[in-house]
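S.K.: For the sequence shown, position 341 matches number 341 in the numbering used here, and the numbering has no gaps at all.
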Amino acid sequence: MSVVLVGSGLTIGYVYLIKNACSGSAQATVVAAPGTAQLLRSLADKWSDTNPSVDGICASVQIGEQETAATVQALAHDWDTATSGPAPDVWVPPSSAWVKAAAAKSAVADQLLPDRLPSVARTPVVIAMPKAAAETFGWPDAQLDWKDLLDKLAQNSSVKVGMSNPATSTAGLLALSAIIDADDNTEVDPTELGRVFSLEQRLAVYTSTTDELFAEYVKGAGKTVNAFPALEQDIVRHNAEHPDLPLVALYPKNATTEADNPYLVLKNAGWTSPERIGAAEAFLNYISGDAARDAVREQGYRDSNRVPGPKLTPANGVVSKLTALPGGVLLSESITRTVDTWTALTRPTNMLMVLDVSGSMGGLVRGTGQTKLDLTKAGAREAVDMFGDDVQMGLWVFSSQQSGTKAYREVVSLGKLTDDVDGKSRRAQLKSRLNGLEPGGNTGMYDTVWAAYQNMQKNYVEGATNMIVLLSDGADDDQLQGLKLDQLVDKIKNADGNKPVKVITIALGKPSNSAAMAKISSATGVNTYSSERSYDIGNVLRAAIFDFQE
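1) Assuming G394 and L414 make a contact with CB atoms under 8 Å, what is their CB distance in whole Å?
2) State yes or no: is the C-beta of G367 within less than 7 Å of the C-beta of L541?
3) So does the segment 157–176 actually touch the segment 192–206, counting three or more Cβ pairs closer than 8 Å?
4) Out of K431, T336, V461, which one is the CA nearest neighbour of E382?
5) Restricting to Cα atoms, I'd like to know which of S425, Y446, L345, S399 is closest to M386.
6) Taking L322 and A259 to be in contact with their CB atoms under 8 Å, please state how far apart those CB atoms are, rounded to whole angstroms.
7) Using the rule of at least 16 other Cβ atoms within 10 Å of the residue's Cβ for burial, across every protein chain shown, is A82 buried or exposed?
8) Taking contact to mean at least 3 C-beta pairs separated by less than 8 Å, is the segment 346–364 in contact with the segment 441–453?
9) What are the complete beta strand (DSSP E) segments, minimum 3 residues, inside the segment 72–153?
10) Which two residues bound the contiguous beta strand (DSSP E) that contains K502?
11) According to the Cβ coordinates, are A33 and L40 closer than 7 Å?
12) Rounded to whole angstroms, what's the CA-CA distance from S320 to S96? Just pull it up for me.
13) Three Cβ pairs or more, each shorter than 8 Å: is that satisfied between the segment 21–32 and the segment 52–59?
14) Answer yes or no: do Q457 and D422 have a C-beta to C-beta separation smaller than 7 Å?
15) Applying the criterion that 16 or more other CB atoms from any shown protein chain within 10 Å of the CB defines a buried residue, is G309 buried or exposed?
16) With a Cβ-Cβ cutoff of 7 Å, do V501 and I520 count as a contact?
17) If we count the other Cβ atoms within 10 Å of its Cβ and call it buried at 16 or more, is D478 buried or exposed?
18) Can you list, in chain order, the residues of its chain whose CB lies under 7 Å from that of I277, leaving out five sequence neighbours each side?
19) Give me the Cα-Cα distance between I506 and W450, rounded to the nearest whole angstrom.
20) Is the segment 124–133 touching the segment 222–232, taking contact as three or more C-beta pairs under 8 Å?
21) Go through its chain and collect everything with a Cβ distance to K311's Cβ below 7 Å, but skip five positions before and after it.
22) Measure the C-alpha to C-alpha separation of P140 and A134 and round it to an integer number of angstroms.
23) Can you give the Cα-Cα distance for A269 and D78, rounded to whole angstroms?
24) Starting from A59, follow its DSSP beta bridges and name the residues at the other end.
25) Can you have a look at E298 and say buried or exposed, based on whether 16 or more other CB atoms are within 10 angstroms of its CB?
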């Protein structure tokens with residue numbers, strides 16, 4: 001029997017019920033991503049031939065098909081059958097990473113999801129490339145990690161890089177998680193962040209799903225995109241369907257990130273029953289057996305022990321034996337960081353840099369032979385070069401030596417980096433005028449922040465990250481008798497809530513006003529940052545721009 005639920009976001013593919021030497025019915029609903037659902041249907045078909053029963057009750061399963069991101073959302077809000085279809089007794093996401101993502105989203109999902117994550121099938125994340133292009137990277141013998149692959153991609157302009165959204169794509173999520181934390185130490189250092197930014201800048205195609213990347217590869221015959229993260233099983237399937245446009249898999253040599261297709265029995269869900277859980281566990285027992293393992297391998301997956309099937313051969317663009325150990329299960333924090341970092345990189349950006357040029361910024365930084373302002377300018381120039389052409393950016397400076405009664409001065413107006421400003425691109429003008437900044441005067445910070453905030457709201461860009469990045473090494477010691485800290489915070493909190501602007505503050509050295517800077521940032525929902533040694537200003541600036549929490 002086949003049931004299709006129109007408009008529910010969930011398609012029920014097959015219901016298997018065998019009534020033989022049993023009575024009654026215990027039917028479990030299994031929800032999986034489209035690709036995994038196809039595999040589960042074939043397994044359920046074979047299971048039905050065994051006349052399954054639980055305690056004399058006829059056992060059956062119905063396989064529901066739903067995009068994984070939609071399931072994560074539904075589980076996070078106490079499953080609504082009106083919008084999401086039948087509630088599942090079992091969830092089989094493509095990767096355990098999605099389990100962590102769901103748990104991180106809400107306490108509801110965290111309570112629903114079990115600790116036990118038995119794998120139905122495994123398939124590693126690889127980079128899909130045409131054979132000729134892969135051979136320039138040393139395929140099939142090269143031993144490259146994610147860092148090596150990205151560095152080589154950055155050096156080869158003929159490679160058209162594609163990426164799928166980590167918020168909706170398993171291959172995109174797992175690949176970016178490995179890239180963002182390339183050394184697997186659970187921290188993202190500035191070098192790793194810079195490498196991810198370089199990847200984003202190189203993208204020729206960006207899609208929601210991996211299937212869309214394969215479709216673009218076929219549509220453009222490899223000319224629009226020819227290198228992108230994918231699952232090994234996807235490559236086997238693609239090559240069977242498009243033998244005229246084959247792809248091969250490049251495997252990172254470090255720990256292999258895998259889609260493990262965990263089978264999650266939702267025993268704690270209020271909508272299920274002991275009978276349905278019994279049917280769900282009976283199906284799991286079948287999946288864990290030898291007959292089901294053979295069927296898994298026949299479809300181009302590896303079984304739960306990573307044993308390959310007959311389709312995993314070099315003739316099909318992949319390898320039989322994996323030499324790298326499997327990577328560990330990603331932490332919830334890693335998933336959140338990956339999605340947040342990538343979102344910050346790919347969202348439109350409208351940013352005003354506001355730099356302290358007061359006299360104290362002329363102080364030398366021990367061991368560098370440069371002043372704090374010199375290092376700040378170098379970090380700011382690096383930030384200007386990191387952004388794509390569609391980003392909007394401007395530059396202000398502040399100290400009591402600015403013209404008139406204002407503590408601040410606009411150096412380059414806010415606008416697209418490609419716009420013409422006095423005969424040069426705004427990007428070129430920003431870097432040129434940064435070079436010419438000199439220190440002097442006191443630190444008129446609070447009036448400057450409020451003026452900058454008003455300017456950003458006036459030039460607000462819908463759908464973009466609208467932010468002020470302020471760098472300073474001293475307290476507000478301006479003699480102009482302007483705003484006090486509490487007055488500034490009140491003004492920010494009472495500003496137009498429909499045009500939120502993040503004020504990211506970076507304290508240089510060990511300023512006496514670090515608590516005040518933290519209070520300013522907190523009023524806009526973000527953290528403050530610090531560069532205590534000052535010589536790492538560029539790294540801190542990059543982290544502050546791309547690592548802040550939305």
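Where is the CB? At the ideal position from N, CA and C, for every residue including glycine.
M.R.: On the basis of the coordinates in this document:
1) Confirmed, about 3 Å.
2) no
3) yes
4) K431
5) L345
6) Wrong, their Cβ atoms sit about 13 Å apart, outside the cutoff.
7) exposed
8) yes
9) 90–92, 123–129
10) From DSSP, the beta strand (DSSP E) with K502 extends over 502–508.
11) no
12) Near 23 Å, if we compare the C-alpha coordinates of S96 and S320.
13) yes
14) no
15) By the neighbour-count rule (16 or more Cβ atoms within 10 Å), G309 is buried.
16) Not a contact, by the Cβ cut-off of 7 Å.
17) Bear in mind that the predicted position of D478 carries a pLDDT of just 49, short of 50, making it unreliable; the figure below should be weighed with that in mind. With 16 or more Cβ atoms within 10 Å of its Cβ, D478 is classed as buried.
18) D89, V265, K267
19) 16 Å
20) yes
21) V236, G300
22) When the Cα atoms are used, P140 and A134 turn out to be separated by approximately 8 Å.
23) 9 Å
24) A26
25) Exposed is the call here.
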